[in-house]
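2 protein chains.
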Amino acid sequence: MRLAGGTSYPGTELRVIDILLADDQELVRTALVALLELEDDFHVVATVGRGDEVVSAVERTQPMVVLLDIEMPGLDGISAAIEVHRHYPNCRIIMLTTFGRPGYLRRAMESGASGFVVKDAPAATLAATIRSVAEGRTVVDPVLAGEALSIGQSPLSPRESEVLGAFRHGAPVAEVAAHLHLSEGTVRNYLSSAITKTGTKNRASALLRAEELGWLSSP
Amino acid sequence: MRLAGGTSYPGTELRVIDILLADDQELVRTALVALLELEDDFHVVATVGRGDEVVSAVERTQPMVVLLDIEMPGLDGISAAIEVHRHYPNCRIIMLTTFGRPGYLRRAMESGASGFVVKDAPAATLAATIRSVAEGRTVVDPVLAGEALSIGQSPLSPRESEVLGAFRHGAPVAEVAAHLHLSEGTVRNYLSSAITKTGTKNRASALLRAEELGWLSSP
DNA sequence: CCTCGCGCATGACACTTGTCATCATGAATT
DNA sequence: AATTCATGATGACAAGTGTCATGCGCGAGG
Chain A
1 MRLAGGTSYP GTELRVIDIL LADDQELVRT ALVALLELED DFHVVATVGR
51 GDEVVSAVER TQPMVVLLDI EMPGLDGISA AIEVHRHYPN CRIIMLTTFG
101 RPGYLRRAME SGASGFVVKD APAATLAATI RSVAEGRTVV DPVLAGEALS
151 IGQSPLSPRE SEVLGAFRHG APVAEVAAHL HLSEGTVRNY LSSAITKTGT
201 KNRASALLRA EELGWLSSP
Chain B
1001 MRLAGGTSYP GTELRVIDIL LADDQELVRT ALVALLELED DFHVVATVGR
1051 GDEVVSAVER TQPMVVLLDI EMPGLDGISA AIEVHRHYPN CRIIMLTTFG
1101 RPGYLRRAME SGASGFVVKD APAATLAATI RSVAEGRTVV DPVLAGEALS
1151 IGQSPLSPRE SEVLGAFRHG APVAEVAAHL HLSEGTVRNY LSSAITKTGT
1201 KNRASALLRA EELGWLSSP
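Chains A and B supply the protein sequences, listed in that same order.
According to this note's numbering, the residues represented by the first sequence are 1 to 219, in order.
According to this note's numbering, the residues represented by the second sequence are 1001 to 1219, in order.
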């Protein structure tokens, strides 16, 4: 069965695409395998539930395409993509994630990914993306791509996004300052400029906005 | 094929369980359908992507079991469960969610659900839960049930959790006070006691803790 | 070379938050 | 009838937070 994309004529032999799937939720992972295996030109050769298991699984199974969720324990999807791309540059990577954060998209593509699909997309989109990417093309959800271009990249300096991100657990300034080996004043200055640049009025909303745009560095 | 649970002998006729699936992410929804349809005693009669479409879909298709994600646009899963349970008390409900918030579990069961499965669980667990629930039993992940019992219910008064929840978007006190038609002082008092009861030091961490335990009222 | 941006720091100031004491009301218990 | 308790309010005070001016050193680019 084919959900979308590609062409196959009677008598044409099928080129099976070997896929590795990385997603932290077991049920979703298994379900996606069931979905992908409905296509007769897809074959899932391995699945992993942690980012830090991706590279060794790629080594073992040599898949053609790797589907990577961004939110994963151990190692996030972007970092995993960088690792895979460094060791196996011929291996195609598709990011598959819940949120279409424009900043994520940019970093994903810079990390060596060839495709970006949100979990809100229909199954046909995923199938079509896998086939296109396997053939060497680069595929990004057009809506997302437009958003990413219109919003542009993060206005936050690396340090600003690092400091802002350090407040994700609601710690007070003093703790964050100690943790980053900075003075409290410095932390408040970075915070202040991050608040200004995000167009918000306090750290909490700055954090929310930065997060929804994918402007925060490493989790 | 059967992943787990139940018994079937050669010659025994199969009782097919009609299922309605509600999940906001199209890809996950489709994938879960593919997974469930692998079982020859499951049949997915309808899927919806919004909480406020659940009841009418139940009316139309009269499923035996409803699988409800908690996070959904339109109407959250718990409220949807209450509606379904009121109109169709014979229809069995299973909550299927990303997080095992103990508070969610409690409210889910009070809302008339018969089962609670986290998306981290293996597919066999879901299948077994569906079969058990269809036969009239009540099934809750034992780990989760233990947690819920050990933590107990929310110590926050309804008003406290409402006020605390109003800070989810990072608004300052003045705005929240205006929005809730309260004086600023009152808001700060509720906030203060919520902070105390969650054992935290500021509203941000109070919010995080309350959220992770499922202590906040309506989204 | 010299400016510009970034990283880092200090100190001062105004404003926001968190805590506490106190008080009033109405509903539910005892 | 007395007590408890959630709701709602005020005022005062201490901490925490956000802004700004100012300073220094460094590296990249005009």
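Cβ atoms here follow ideal geometry from the backbone N, Cα and C, with glycine treated the same way.
This structure is a prediction, so every number in the text was calculated from the model and none was measured.
Which same chain residues end up closer than 8 Å to Val65(A) when comparing Cβ atoms and leaving out the 5 residues on each side of it in sequence? Position 65 of the first sequence holds residue 65(A). The residues are Ile17, Asp18, Ile19, Leu20, Cys91, Arg92, Ile93, Ile94, Ile130, Val133, Ala134.
Identify the contact partners of Glu162(A) in chain B, using a Cβ-Cβ distance below 8 Å as the criterion. The sequence position of residue 162(A) within the first sequence is 162, counting from 1. None at all; the shortest Cβ gap to chain B is about 18 Å.
Counting only Cβ pairs nearer than 8 Å, list the residues of chain A close to Pro959(B). Since the first residue of chain B shown is 1001 and the last is 1219, residue 959(B) is not available in this structure.
Identify whether Gly6(A) lies in helix, strand or coil by the three-state DSSP scheme. Numbered from 1 along the first sequence, position 6 holds the residue referred to as residue 6(A). Because Gly6(A) sits at a pLDDT of 49, beneath the cut-off of 50, its placement in the model cannot be relied upon, and the following sentence gives the value as read from the coordinates. It is coil, neither helix nor strand.
For Pro1073(B), which residues in chain A fall below 8 Å Cβ to Cβ? Position 73 of the second sequence, counted from the first residue, corresponds to residue 1073(B). Near Pro1073(B) there are no residues of chain A at all, since even the closest Cβ is about 11 Å away, more than 8 Å.
For the alpha helix (DSSP H) holding Ala1022(B), just list the boundary residues, first then last. Translated into positions along the second sequence, residue 1022(B) becomes position 22. It is not in any alpha helix (DSSP H) - Ala1022(B) instead sits in the beta strand (DSSP E) that spans 1017-1022.
Residues of the region 1194-1205 of chain B whose Cβ lies closer than 9 Å to any Cβ of chain A, in chain order: Thr1200, Lys1201, Asn1202, Arg1203, Ala1204, Ser1205
8 Å Cβ cutoff, Ala1127(B) in contact with chain A: Here residue 1127(B) refers to the residue found at position 127 of the second sequence. For Ala1127(B), the answer is no, since every Cβ of chain A falls outside 8 Å of its Cβ.
Best match in Leu36(A), Ala145(A), Gly115(A) for proximity to Arg137(A) [C-alpha to C-alpha]: Counting from 1 along the first sequence, the entry for residue 137(A) is found at position 137. Out of Leu36(A), Ala145(A), Gly115(A), Gly115(A) has the C-alpha closest to the C-alpha of Arg137(A).
C-beta contact flag for Val118(A) and Leu156(A) at 8 Å: As a working mapping, residue 118(A) is identified with position 118 in the first sequence. As a working mapping, residue 156(A) is identified with position 156 in the first sequence. Their beta carbons are not under 8 Å apart, which means Val118(A) does not touch Leu156(A) by this criterion.
Classify Gly1051(B) as buried or exposed, calling it buried when 16 or more other Cβ atoms lie within 10 Å of its own Cβ. Within the second sequence, the letter at position 51 stands for residue 1051(B). Buried, because 16 or more other Cβ atoms sit within 10 Å of the Cβ of Gly1051(B).
Hey, out of Val33(A), Asp40(A), Asp24(A), whose CA is closest to Ala46(A)'s CA? For this step, residue 46(A) is matched to residue 46 along the first sequence. Looking at the Cα atoms, Val33(A) is the closest of the given residues.
Buried versus exposed, by CB contacts within 10 Å (16 or more), Gly77(A): Translated into positions along the first sequence, residue 77(A) becomes position 77. Gly77(A) comes out buried.
Would a C-beta distance cut-off of 8 Å place Val58(A) and Tyr88(A) closer than the cut-off? Here residue 58(A) is taken as the residue at index 58 of the first sequence, counted from 1. Here residue 88(A) is taken as the residue at index 88 of the first sequence, counted from 1. Against a cut-off of 8 Å, the Cβ pair of Tyr88(A) and Val58(A) comes out as a contact.
By Cβ distance below 7 Å, which residues in the same chain neighbour Asp1120(B) in space, the five residues on each side in sequence not counted? Numbered from its first residue, the second sequence carries residue 1120(B) at position 120. Counting only Cβ-Cβ distances below 7 Å, and skipping sequence neighbours, we find nothing.
Any chain B beta carbon closer than 8 Å to Pro172(A): As a first step, residue 172(A) is located in the first sequence; it is residue number 172 there, counting from the start. At least one chain B Cβ lies under 8 Å of Pro172(A).
Any C-beta of chain B sitting closer than 8 Å to the C-beta of His169(A)? Here the question's residue 169(A) lines up with position 169 in the first sequence. Output row for His169(A): interface = yes.
With DSSP collapsed to three states, give me the class of Ser205(A). As a position in the first sequence, residue 205(A) is number 205, starting the count at 1. If DSSP states are grouped into helix, strand and coil, Ser205(A) belongs with the helices.
Taking any Cβ of chain B, which residues in the region 31-63 of chain A have a Cβ under 7 Å from it, in chain order? Ala31, Leu32, Ala34, Leu35, Leu38
Which value, in whole angstroms, describes the spacing of the CA atoms of Asp69(A) and Pro158(A)? As a working note, residue 69(A) is residue 69 in the first sequence. As a working note, residue 158(A) is residue 158 in the first sequence. Cα-Cα distance, rounded: 24 Å.
Go ahead and pull the three-state DSSP assignment for Met109(A). Locating residue 109(A) in the first sequence gives position 109, counting from the first residue. DSSP places Met109(A) in helix when its eight states are reduced to three.
Pair within 8 Å by beta-carbon distance, Ser1173(B) and Glu1184(B): Sequence index remark: in the second sequence, residue 1173(B) carries index 173 (1-based). Sequence index remark: in the second sequence, residue 1184(B) carries index 184 (1-based). For the sequence presented, residue 1173(B) should be read as Val rather than Ser. Closer than 8 Å, so yes.
So that I know if they touch, is there some Cβ in chain A lying closer than 8 Å to that of Thr1097(B)? Start at 1 with the first residue of the second sequence, and residue 1097(B) comes out as number 97. Taking Cβ atoms only, chain A never reaches closer than 8 Å to Thr1097(B), which makes this a no.
So for Thr61(A), helix, strand or coil by DSSP? For this step, residue 61(A) is matched to residue 61 along the first sequence. Three-state result, Thr61(A): helix.
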